[in-house]
Amino acid sequence: MDIRLERIAESELKPKPDESKLGFGKFMSDYMFVMKYDESKGWNDPVIRKYEDFSLDPAAMVLHYGQAIFEGLKAYRGKDGRIFLFRPTDNLNRMNISAERMCMARIPTDVVLDAMKQLVEVDQEWVPRVNGSSLYIRPALIATEAGLGVRPAAEYLFFIITGPVGAYYSEGFNPTRIYVEDKYVRAVPGGVGHVKTAGNYAASIMAAVEAHKLGYTQVLWLDAIKRKNIEEVGTSNIFFVIGDDLITPELSGSILPGITRDSVIQLARDWGIRVTERTISIDEVLSANEDGSLKEVFGTGTAAVISPVGALHYKGETCTIGGGKTGELSQRLFDELQAIQYGFQEDPHNWVVKTT
Ligand code: COI
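If you're matching positions, the sequence shown starts at 54 in the working numbering and goes up one per residue.
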């Protein structure tokens, strides 16, 4: 499939933001990629064009029944100005797992990877240069068929937008304060917790708002049945260093199989650290904190990278983790991961993909 490029005039290019004040998700670059699907033609009309409004039928099924999935990955400006993507094919394959679960059209991953590289190339001036910043890439797929019957749509729109980002949390790489959520739940066995569908995030907002009001950065979700076993943080997976072990909840079907999670497991194993993916309860974590064996807690995610946790609040009590400071392993993982992502270090697992 040939990807068309509709160049925009120099005079229409947007001014770039101050790279020291990027935050997350506030700025969008000049171009986007768009491709349509319908049952008779399949995927068609792939085009890179000006970032602008879409027009949608008010009966578009995404607006009513939420057939919407997305991904998140980043492009990094490395040595000599070269630009790298981190594990893009893993994101696209995961998007197809989400598509299948939500009964949506699967995306052609080879075409989309090609489009993503071309999009980053045409918007390369938007890949920021400031230390720790990157170009966030947001592929998304929505049901556009007009109709109010509840069934899989026959028409879809796939698009990729991008924008320069800094740290996801206002804390930056400083430890976050996490509220262990025991009232609301995120996902149930057999549900959609393992896929990146918009509704999961919509359903999480109330808990996050309540936690923010109490002074916490994010919530830590527990399992929906026993309300005991740890699942994931709002926008990341979670890891615990207990004794010499690195522990993270297993992919039970209700947590997201994070690509940063997978990379952290791999790096830690490369370093000879014992990593266990298993059920871990909040009680186990709190008693390990009491007896001194809990050394570090950190979240992992594309947006959040490695985000150290300095405090956990559970049922009215707040406990400090690792003296409220960033732990040694969290720091090492952050440094190593970033060095690979920016192309400053050898990439033994071939995670990094050049855009040209
Ligand atoms: C990401 O880490 O890319 C995510 O998708 C989290 C996002 C919801 C901010």
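All residues carry an ideal CB built from backbone N, CA and C; glycine is no exception.
Review point. For the 8 Å Cβ check, are there 3 or more pairs between the segment 266-277 and the segment 216-232?
Key: yes
**Study point:** Close beta carbons around residue 240, own chain, < 8 Å, minus the five adjacent residues each side
**Key:** 246, 247, 253, 274, 277, 284, 307, 308
Practice item. Indicate, with yes or no, if the ligand COI has a heavy atom lying under 7 Å from the CB of residue 232. Key: no
Exercise for review: Indicate whether residue 59 and residue 103 have their beta-carbon atoms separated by less than 8 Å.
Suggested key: yes
Point to revise | 8 Å Cβ cutoff met for residue 181 and residue 130 | key: yes
Review point. Alpha carbon to alpha carbon, how far is residue 365 from residue 371?
Key: Just so you know, the alpha carbons of residue 365 and residue 371 end up roughly 6 Å apart.
Review point. Any chance the CB of residue 125 is under 7 Å from a heavy atom of the ligand COI?
Key: Yes.
Practice item. Rank 148, 183, 66, 133 by C-alpha distance to the C-alpha of residue 73 and give the top, closest one. Key: Checking every option, the nearest Cα to that of residue 73 belongs to 183.
**Study point:** Beta-carbon gap between residue 176 and residue 64 smaller than 8 Å
**Key:** no
Review point. Can we count residue 45 as close to the ligand COI, meaning its CB is less than 7 Å from some heavy atom?
Key: This structure cannot speak to residue 45, because the chain is shown only from 54 to 409.
Check your understanding: In whole angstroms, what separates the C-alpha of residue 400 from that of residue 383?
Key -> 19 Å
Check your understanding: In whole angstroms, what is the alpha-carbon distance linking residue 80 and residue 70?
Key -> 7 Å
Check your understanding: Could you check where the alpha helix (DSSP H) with residue 288 kicks off and where it finishes?
Key -> If you look at residue 288, you'll find it isn't in any alpha helix (DSSP H); DSSP assigns it neither H nor E.
Check your understanding: Do the segment 337-350 and the segment 253-269 touch if we need at least three Cβ pairs shorter than 8 Å?
Key -> In short, these stretches do not touch, since the Cβ pair count stays below three.
Practice item. Give the range of the alpha helix (DSSP H) segment to which residue 164 is assigned. Key: 162-175
Check your understanding: Is it buried or exposed for residue 290, if we count other Cβ within 10 angstroms and need 16 for buried?
Key -> By the neighbour-count rule (16 or more Cβ atoms within 10 Å), residue 290 is buried.
Review point. Just the Cα atoms here: how many angstroms apart are residue 335 and residue 354?
Key: For residue 335 and residue 354, the distance between alpha carbons rounds to 21 Å.
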